[in-house]
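With the UniProt record's numbering applied, the sequence shown corresponds to residues 1 to 64, in that order.
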Amino acid sequence: MSIGLGQILVIIIVIIFLFGRFPTLSKNLTDGLDNIRSYLEQKKEVSSNEKLDSSIKKEENSKK
């Protein structure tokens, strides 16, 4: 059972395909994770701002 020329060509094509696409796939994955992180940070900031606003309104209402 030796490897034939056709099998070697298929292996080479698969390797070229994987290594040619791998940088693109990893970049897309990294960009997606960065987008998720930034969304969660924005959501956290909005939530903390809303809490601050509600506490300020409560203080203003208690002073009246």
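A virtual CB, placed ideally from N, CA and C, is assigned to each residue, including glycine.
Annotated three-state conformation of SER2 is coil, per DSSP.
Taking THR24 as the centre and dropping the five residues before and after it, the same chain places no C-beta closer than 8 Å to its C-beta. In this structure, the alpha-carbon of PHE17 lies about 48 Å from that of ASN49.
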